[in-house]
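Note sheet for the following structure.
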Amino acid sequence: MRVLRAISLLMGFGCGVAGAQDVPLPRERPAVTPPVPGAPHSFREAAGPDFNTSDVTAGPSACDERLAKIATAVPMPRLIGPGACGGGDVVRLDAILLGEDKRVTLKPAPYLRCPMAEQLALWVRDDAAPRAATLGAALSAVETYDDFSCRGRNRQTGGKLSEHGKANAVDVRGLTLADGRFIALTDVHASKELRTSLRDSACARFTTVLGPGSDSYHEEHIHLDLLERRNGYRICQWAVNEPAPPKPTVVSVSAEAVPLPPPRPSNLDNRPHRTRGL
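Numbering (mature numbering (1 follows the signal peptide of the UniProt record, and there is no 0)), first residue to last: -20 to -1, 1 to 258.
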């Protein structure tokens, strides 16, 4: 009896193994990494895994139609989250049209709400390009530093939401001319007249302009946004700095601090020399 029971158990086990081999196991579920609170998110991360440039917001807005006449811009899906980040009527601004088949590219192309993209395009076309031409070469490209980024102001975790998180801000590093020269907008050795003119024109178009002198976060780029404030209040903080005066050399300081001894009388050199005995 015991032998028969053992045989039946072995047969049942064999059938179970065969069944397990016949029925494939389900694929392993991919690991999902939860988002880190306060961490920056790129445009594609915020747009989600189903990102598709053809899945644009419904119909071109009046802003889109105006922008199409002065720039090359691609409509983007509506940005939704994470959190309070996002916005609608977003475009990828690739280039600014100057006429006569001339254009200024943006590197990298920023993702912005259409009204912000329109003001940036007008600033480049009507202000930056003509002023850059005074340096002897046409404006070829604008180098951007940051655009849409879901984060707090100055990248501080838990801080007030930055306009970057609403696709309503862009950071600009400088201008590239057709002859290859790069003009950093915060370079103290660059033309002061050019930087002053660009600052004044930017402050007339954007509601927030931050650069050197505003805080330590904007010493190497210019922040531009269209934040709406009460009573039309605007912020323009971009100090056009000049090179520091050269420091005096150690030799010149010593020469001024310690007077040199009077010259040796010439007749002393003609005195007879005594030879001391050995």
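All C-beta atoms in this analysis are idealised placements derived from N, C-alpha and C, irrespective of residue type, glycine included.
Exercise. Quick one: is TYR91 buried, meaning 16 or more other Cβ sit within 10 Å of its Cβ, or exposed?
Worked result: Residue numbering aside, residue 91 sits at position 111 when the sequence shown is read from its first letter. The residue is buried, with at least 16 neighbouring Cβ atoms inside 10 Å.
Problem set entry | Where GLY61 falls: helix, strand or coil (DSSP) | In the sequence shown, residue 61 corresponds to position 81, counting from 1. In the structure shown, GLY61 sits in coil (DSSP, three-state: anything other than H, G, I, E or B).
Exercise. If LEU86 and THR114 are in contact, beta carbons under 8 angstroms, what's the gap, nearest whole angstrom?
Worked result: Taking the first residue of the sequence shown as position 1, residue 86 is located at position 106. Taking the first residue of the sequence shown as position 1, residue 114 is located at position 134. Not really, about 21 angstroms apart at Cβ, beyond 8 angstroms.
For this session: Using three-state DSSP, classify PRO192 as helix, strand or coil.
Result: If you number the sequence shown from 1, residue 192 lands on position 212. Coil.
Exercise. Under the rule that 16 or more other beta-carbon atoms within 10 Å means buried, what is ASN148, buried or exposed?
Worked result: On the sequence shown, position 168 is the one that residue 148 refers to. That one is buried.
Exercise. Got a sec, what are the start and stop residues for the beta strand (DSSP E) CYS216 sits in?
Worked result: If you number the sequence shown from 1, residue 216 lands on position 236. Start and end: 215 to 217.
Problem set entry | Chain-order list of residues whose beta-carbon lies under 8 angstroms from that of residue 279 (same chain, five-residue window excluded) | Since the first residue shown for the chain is -20 and the last is 258, residue 279 is missing from the structure and cannot be characterised.
Exercise. Between PRO15 and LEU59, what straight-line distance do the alpha-carbon atoms span, to the nearest angstrom?
Worked result: For this step, residue 15 is matched to residue 35 along the sequence shown. For this step, residue 59 is matched to residue 79 along the sequence shown. Below a pLDDT of 50, predicted positions are generally treated as unreliable, and PRO15, at 38, falls in that range; the measurement from the model is reported next regardless. Going from the Cα of PRO15 to the Cα of LEU59 covers about 16 angstroms.
Problem set entry | Beta-carbon contacts of GLU200 that lie in its chain and below 6 angstroms, excluding the five residues immediately before and after | By one-based count along the sequence shown, residue 200 stands at place 220. So the qualifying residues of the chain are THR166.
For this session: Would you tell me roughly how many angstroms separate the C-alpha atoms of residue 261 and PRO225, rounded to the nearest one?
Result: Limits of the chain in this structure are -20 at one end and 258 at the other, which puts residue 261 out of reach.
Exercise. Can you name, in chain order, every residue of its own chain whose Cβ lies under 6 angstroms from the Cβ of ILE163, other than the five neighbours on each side?
Worked result: One-based indexing of the sequence shown puts residue 163 at position 183. Contacts found: GLY154, LEU155, ALA170.
For this session: Could you have a look at VAL152 and say whether DSSP puts it in helix, strand or coil?
Result: What you label residue 152 is simply residue 172 of the sequence shown in a count that begins at 1. Three-state DSSP puts VAL152 in a strand.
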